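K.L.:
Quick note on numbering: the sequence shown equals residues 1 to 1123 in the UniProt record's numbering. Even for Gly, the Cβ is constructed at its ideal location relative to N, Cα and C. In this text the structure is predicted, and so the values were computed from the model without any measurement.
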Amino acid sequence: MSSSSYVGALGAGHGHDFSDFYIFPASSAQSRLWFLCELEPESNAAYNVISAVRLLGTLDRLRLQQAVDVVVARHESLRTGVALVDGTPQQVVLPSALVALPTVDHTAADEETRRRAVTDIVREEASRPFTLHRPPLVRMVLLRLADDEHVLVVTMHHTVCDGWSTELFFRDLATSYAGLMAGGSGELKELPIQYADYVAWQNEQLSGDRLDTLLAHWRERLAGVPLLDLPTDLPRPPVRTLRGAQCTADLSADLTGRLGRVAQDRGATIFMLLLTAFKALLAAGSGQCDIAVGTPVAGREHPEAEELIGFFANTLVLRSRIAPDETFTEALDTVRATCLDAFSHQDVPFDRLVEELRPPRDLSRTPLFQAMFSLQNTPGITLDLPGLRLEPVETEHASAKFDLWLTCLPTGDGLRLQLEYNTDLFDAATADRLLRHYCGLLDHVADDPVRPLNRLLRGGDAAGAPAPQPLPDRTATTVATLLDAHVEHDPSAIAVVEPDSILTRRQLRTLAHRLAHRLRAAGAAPGTVVAVSVPRGTLDAVVAVYAVLASGAALAYVSPDDDRHVAWVLADAAPVVLLTTGTRGAQGGPDAQGAHMVPLPMTVTMGGDATGQEPDAPPLSVPRSGDTACVVYAFGRSARPTGVRIGHRAFAASLVEAARRTDLTSDDTVAVVADEDAHEDGLTPWRLLLPLTAGVRAVFPSADDKDDKDDKDDKDDKDDKDDKDDKDDKDDKGDTGVTDVTDATVLVASTGTWRRLADEGALDTGSRVVAIGEPLPATAAARPGLWRLHGSAEALASGAAYEDRGPLSGLGRAAGHLRRYILDPDLCPVPDGMVGDLYVSGPGLADGYHARPADTARRFLPDPYAPEPGARMHRTGDLCQYGSDGEVRFVGRAGGELRIRDRWIDPAEPEALLREHPLVRRAAVVAGEFGDDIRLVGWLEPDRSAAPPDEPVTDGELLRLLRQSLSEQLPAHLVPSVFGVLDALPLASDGTVDRQALRARKDEATFGLTDSTPPRDAIERRMVSLFLEVLPYPEIGVHANFFALGGHSLLAAKLLGRVRTEFGTAVPVREFFKRSTPAGLAEALRGAQETRRTGRGTAAADGAALNGMSDEEVTRLLQRHLR
């Protein structure tokens, strides 16, 4: 042994002298755990390992204390702490130590008090942290409940022990106690090696070619490993917490035996079978097929390590694909191969693996896997003490190191299942349901292991079939019928208000009918399409939509803001008329492609034939309910979307139901807020007509009203005469009392517009909000009075309307005109909590896709659960589940769509355009995580042979050409913001591009990441130079993010060390993680210099501690300092 001394341990307010300690290198696992506990002291107790045994009979407490002394003397780890010595985490070992055995007497208490005392002391010990640099890191409490009943509670910190060590401790304790009771010394045989010897051996083994080979193996196996995205009951905190709880269940000896035989028949172990079932449950609960689960392994490869107490345990990542339509035995074979492969490469410490692979940093999740599985295969606490009978006491540690951790414990011939779950993610009902599903799955596996997984999970072919649901008949024939009814009821009521225009119901109908006659004269009729391209959120748009529906033609609305959108609708819908503004009609715009252009006045003003004083236009024949009312094009996900045909009956039914569910009344005034984003205009006609078909006044605020409210306030300075004139004008038109968004009682907008208004503070008016379109993200703030109408064009408002009750409220109840099912690939209902495809059925369903019968047949299927014959259902593409509260929850989208900044997009279009370029051989578009941002990443494999030999094209020039080409053909959100160029894209076994592997190589996607902003002063210039010294880039700007550019913990340590050397001031690690750019680091340095004389931080120790820090450590550091 050797000794050293060091003064100034990290986090200490005074020096610590380790001259009386033996100093040895800490293992990588100890270093990682020490760093987590030092930088986040509140996590310390989460790593307590606690166990308790009940001692029944005559106990000699003196002999028990002597036995404890013997065990502590035998095992160096029980005299070990971990501290920062000479700038590196080291083991600090006492030559000898006394672990006291205090006794707490409860003999005078009643039985209930004694029982509660045991629970309380276990909870107290589990929650009390250790001071890691002050060994021993073990403590004990002996509870005396009666003369012949004691409970021994032993707590050790994970830095010096693991599960195996606990068994060894009690075994040695029993052996020594027995020897003492027999009159001997109780001494135990000296161990041939100690934990420090094992660490030296491990470091020697994990070096050179062997380490390189192991790391290469895991790089391949875990390339692009996805996060487990289980739906949660509560919003996932931005920073992971450790609060947890447990639920339990038991497997009978009979079931355990049958499962063992199933495993044996496939050449597998019971561990592999139980793990396969757990993976199948996670796959069904998340809708994912690529499932990674962690499992602890003993890590005692050294032949003499089995007798040692210490932190040997390692964690393996077991990744395999679980397909819902494969049989359980097929899945078991896959998992068996995964386990055998992983166990044969288990020597790499987990923290070293994380540092090497550098998965995307996510403060809310653990790296590489989020669910743990373990089968307790150690013998358990079986002590044989003279005169004593021993019983284990169950201890529940109220912490959760992962989202979920399922532990299987042998109990005789059966198994006890313990599911530990994070209580900030899941409620108790969900955890109980998961465990219940797991037990049910195992039961079905034992009966029929060759059945497909999805059938095993639901327990049979017909289980859970929904009862037929007759729907109430609330539908109107057509939208025109609804509007005409309101006109007949009160023709003089105000229908539409603009800042400069007011129309009554009768005036609105007059304008719409006269325009409808013009459309008829131009060729519009049932069975034809009229394209409408007028500014959305205006009175013009209302008149145009009303007129087209009254004409009997199908409406195809497209915003005039994007000529590419207009051109696509004209080409795909083949309208007979393009209804546009006078400006567009005069200036041309996109080629009308044969459609007759009918100009509409830019602004509809009061006067002339709009006053209602002239007779109405001749009445038009009412369209039939089976005719197509509109063809909807949703440009948000695609630049060339498929048109959705919606019949008059479905259109009217959806509007009636939405008005009913959102409680619209005649007392309301609805502001229809125009979308600034042209990609949100798919449901524009629906938003325009919602208030009008409900008989509610509609207000269309102008941009000036919304953005320049101060101008409105300035009008208060006008003289009394102007005020009187304004009042007289209002009296002539009818007093609306409404001029802008702040005066409305209800706001109707798309979800994208709702988010924008909320960010701008424009919703602080007390008005109710109806958000229509995509589901709001989990991060959206809850707001009283928010009604969400989630639905696609195929099933308008299919998600139902309901008042918001928080960010993770589900999709609500089904709208009254629709049924909803969550089905598996066999079109059978999935169990509660499992993920399946959302189908909708009922009269609110669209007719199909415009001019695409094959797509219609694929997505609109016969409804096997409807009571009426001929009913159809639509596969929405939404992945959903039933929550523990019975609500439908949105999980994600099927079919490869990517979510970029709260918008679902289809990457197929930009990918296809990239592949079409003559200088590109292969291309793929995926989502990539860069710091806190998610971006669309384009990956290219250039075809360099296609370039002229005398004019080679550089990668930068190629990307410039591609960006220009894509920008001309696609909206901005579909153009990748980051590109990567590889000599060859990785391919999967089937010859297609391996997208998971590309996601893992995001650090090589550098084009577009490097900011080009030049330094603004000398400090920023030097910071840029220091960045370039540790990062492989020729140049960067002052806003380039260190971690987005491939920086990691070791490089961060080097960078901060060089900053300290260069400037003589240490920048706190937490400040660098908050501002990890040259400009941010320069700012942090200035702050550190200002507070240098009075600062009490631990930046110097932090910087030294970063050496060798894994991404898990970085995550925990960020968790602490970003709260």
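Based on the DSSP secondary-structure assignment, which residues constitute the bridge partners of Tyr557?
P.N.:
On the sequence shown, position 557 is the one that residue 557 refers to. Paired residues: Val532.
K.L.:
Quick one: give me the first and last residue of the beta strand (DSSP E) that Cys630 is part of.
P.N.:
Your numbering for residue 630 matches position 630 in the sequence shown. Element bounds for Cys630: Thr628 to Val632.
K.L.:
What residue ranges within the region 481 to 536 form continuous beta strand (DSSP E) runs of no fewer than 3 residues, ordered along the chain?
P.N.:
Listed in chain order, they are 494 to 498, 501 to 504 and 529 to 533.
K.L.:
May I ask you to report which of helix, strand or coil DSSP gives His150?
P.N.:
Locating residue 150 in the sequence shown gives position 150, counting from the first residue. Reduced to three states, the DSSP call for His150 is strand.
K.L.:
Please confirm whether Ala658 and Leu549 have their CB atoms less than 7 Å apart.
P.N.:
Taking the sequence shown and counting its residues from 1, one reaches residue 658 at position 658. Taking the sequence shown and counting its residues from 1, one reaches residue 549 at position 549. Against a cut-off of 7 Å, the Cβ pair of Leu549 and Ala658 comes out as no contact.
K.L.:
Below 8 Å on the Cβ atoms is my contact criterion, and I expect Asp290 with Gln881 to pass it. Report the Cβ-Cβ distance as a whole number of Å.
P.N.:
To locate residue 290, count along the sequence shown from 1; it is residue 290. To locate residue 881, count along the sequence shown from 1; it is residue 881. Rounded, the Cβ-Cβ distance is 18 Å, inconsistent with contact.
K.L.:
Between Asp110, Thr103, Glu111 and His75, which lies nearest to Leu94 when the distance is taken from Cα to Cα?
P.N.:
In the sequence shown, the residue the question calls residue 94 occupies position 94. Ranking the options by Cα distance to Leu94, first place goes to His75.
K.L.:
Could you compute how far the alpha carbon of Ala744 sits from the alpha carbon of Asp663?
P.N.:
Along the sequence shown, read from residue 1 onward, the residue named residue 744 stands at position 744. Along the sequence shown, read from residue 1 onward, the residue named residue 663 stands at position 663. When rounded, the distance between both Cα atoms is 15 Å.
K.L.:
On the DSSP bridge list, what partners appear for residue 1130?
P.N.:
As shown, the chain starts at 1 and ends at 1123. That puts residue 1130 outside it, with no answer to give.
K.L.:
Pull the bridge partners of Gln90 from the DSSP assignment, please.
P.N.:
Sequence index remark: in the sequence shown, residue 90 carries index 90 (1-based). Its beta-bridge partners are Pro25 and Ala83.
K.L.:
Do you know offhand how far Gly980's Cα is from Glu1004's?
P.N.:
For the purposes of this step, residue 980 is taken as the residue at position 980 of the sequence shown. For the purposes of this step, residue 1004 is taken as the residue at position 1004 of the sequence shown. Cα-Cα distance, rounded: 6 Å.
K.L.:
Could you compute how far the alpha carbon of Ser977 sits from the alpha carbon of Leu1031?
P.N.:
Translated into the one-based positions of the sequence shown, residue 977 becomes position 977. Translated into the one-based positions of the sequence shown, residue 1031 becomes position 1031. In a straight line, the C-alpha of Ser977 is about 21 Å away from that of Leu1031.
K.L.:
Starting from Cys880, trace the alpha helix (DSSP H) in both directions and tell me its first and last residue.
P.N.:
Taking the sequence shown and counting its residues from 1, the one referred to as residue 880 is at position 880. Careful: Cys880 lies outside any alpha helix (DSSP H), inside the beta strand (DSSP E) at Arg872 to Tyr882.
K.L.:
Counting only the same chain and skipping the five closest in sequence on each side, list residues whose C-beta sits under 8 Å from that of Pro89.
P.N.:
Here residue 89 is taken as the residue at index 89 of the sequence shown, counted from 1. Taken in chain order, the residues that qualify are Ala26, Gln30, Ser31, Trp34, Phe35, Val82, Ala83 and Ala1105.
K.L.:
By the three-class DSSP mapping on this structure, what secondary structure does Cys339 have?
P.N.:
Taking the sequence shown and counting its residues from 1, the one referred to as residue 339 is at position 339. Helix, per DSSP.
K.L.:
With 16 as the cutoff for other CB atoms within 10 Å, does Gln288 come out buried or exposed?
P.N.:
The residue given as residue 288 occupies position 288 in the sequence shown. Gln288 comes out buried.
K.L.:
Please identify the residue among Arg637, Ala52, Val748 and Arg624 whose C-alpha is closest to the C-alpha of Pro685.
P.N.:
Position 685 of the sequence shown, counting from 1, holds the residue named residue 685. Answer by Cα proximity: Val748.
K.L.:
What residue range is occupied by the uninterrupted beta strand (DSSP E) comprising Ser841?
P.N.:
The count along the sequence shown starts at 1 and reaches residue 841 at position 841. It spans Gly836 to Ser841 - the beta strand (DSSP E) in which Ser841 sits, taken as one unbroken run.
K.L.:
Entirely within the region 160 to 187 and at least 4 residues each: give me those alpha helix (DSSP H) ranges in chain order.
P.N.:
Runs found: 163 to 181.
K.L.:
Could you check where the beta strand (DSSP E) with Asp250 kicks off and where it finishes?
P.N.:
Taking the sequence shown and counting its residues from 1, one reaches residue 250 at position 250. Here the beta strand (DSSP E) through Asp250 covers Gly244 to Leu251.
K.L.:
Do Gly294 and Phe369 come within 7 Å of each other at the CB atom, strictly closer than that value?
P.N.:
In the sequence shown, counting from the first residue as 1, residue 369 sits at position 369. In the sequence shown, counting from the first residue as 1, residue 294 sits at position 294. Yes.
K.L.:
Could you spell out where the beta strand (DSSP E) holding Glu391 opens and where it closes?
P.N.:
Indexing the sequence shown from 1 puts residue 391 at position 391. Run containing Glu391: Leu388 to Val393, per the beta strand (DSSP E) assignment.
K.L.:
Alpha carbon to alpha carbon, what distance is there between Trp218 and Thr103?
P.N.:
What you label residue 103 is simply residue 103 of the sequence shown in a count that begins at 1. What you label residue 218 is simply residue 218 of the sequence shown in a count that begins at 1. Rounded to whole angstroms, Thr103 to Trp218 spans 49 Å at the Cα level.
K.L.:
Between the alpha carbons of Glu167 and Arg436, how many angstroms are there, rounded?
P.N.:
Along the sequence shown, read from residue 1 onward, the residue named residue 167 stands at position 167. Along the sequence shown, read from residue 1 onward, the residue named residue 436 stands at position 436. Cα-Cα distance, rounded: 30 Å.
K.L.:
Name the DSSP beta bridge partners of Pro290, please?
P.N.:
Walking along the sequence shown from the start, residue 290 turns up at place 290. Before going further, note that residue 290 is Asp rather than Pro in the sequence given. Answer is Arg321.
K.L.:
Leaving aside the five residues before and after Tyr198 along the sequence, list all residues of the same chain whose C-beta is less than 6 Å from its C-beta, in chain order.
P.N.:
Taking the sequence shown and counting its residues from 1, one reaches residue 198 at position 198. Contacts found: His302 and Ala305.
K.L.:
Where do the ends of the beta strand (DSSP E) carrying Thr103 lie?
P.N.:
Looking up residue 103 in the sequence shown gives position 103. Per DSSP, Thr103 belongs to the beta strand (DSSP E) from Thr103 to Asp105.
K.L.:
Using the Cα positions of Asp427 and Gly244, report the straight-line distance between them to the nearest angstrom.
P.N.:
Sequence index remark: in the sequence shown, residue 427 carries index 427 (1-based). Sequence index remark: in the sequence shown, residue 244 carries index 244 (1-based). Looking at the two C-alpha atoms, the distance is approximately 10 Å.
K.L.:
Is it right to say Ser374 is buried, meaning 16 or more other beta carbons lie within 10 angstroms of its own, or is it exposed?
P.N.:
Within the sequence shown, residue 374 is the residue found at index 374, counting from 1. Burial call: buried.
K.L.:
Comparing C-alpha positions only, which one of Phe328, Val953, Trp904 and Leu62 sits nearest to Ala639?
P.N.:
Taking the sequence shown and counting its residues from 1, one reaches residue 639 at position 639. The option with the nearest alpha carbon to Ala639 is Trp904.
K.L.:
CB-CB under 6 Å to Arg921, same chain, minus the five flanking residues each way: which ones, in chain order?
P.N.:
Residue numbering aside, residue 921 sits at position 921 when the sequence shown is read from its first letter. Correct list, in chain order: Glu941 and Asp943.
K.L.:
For Leu273 versus Leu255, is the C-beta spacing smaller than 7 Å?
P.N.:
As a first step, residue 273 must be located in the sequence shown, where it is residue number 273. As a first step, residue 255 must be located in the sequence shown, where it is residue number 255. No, the pair does not count as a contact, with Cβ atoms beyond the cut-off.
K.L.:
Of the choices Leu385, Ala292 and Arg358, whose alpha-carbon is the least far from that of Asp403?
P.N.:
Indexing the sequence shown from 1 puts residue 403 at position 403. Out of Leu385, Ala292 and Arg358, Ala292 has the C-alpha closest to the C-alpha of Asp403.
K.L.:
In terms of residues, what are the limits of the alpha helix (DSSP H) holding Arg1022?
P.N.:
Residue numbering aside, residue 1022 sits at position 1022 when the sequence shown is read from its first letter. Here the alpha helix (DSSP H) through Arg1022 covers Ala1018 to Val1030.
K.L.:
Let's test the definition: count the other Cβ atoms within 10 Å of the Cβ of His486 and tell me whether it reaches 16, buried, or not, exposed.
P.N.:
As a first step, residue 486 is located in the sequence shown; it is residue number 486 there, counting from the start. Buried, since its Cβ has 16 or more Cβ neighbours within 10 Å.
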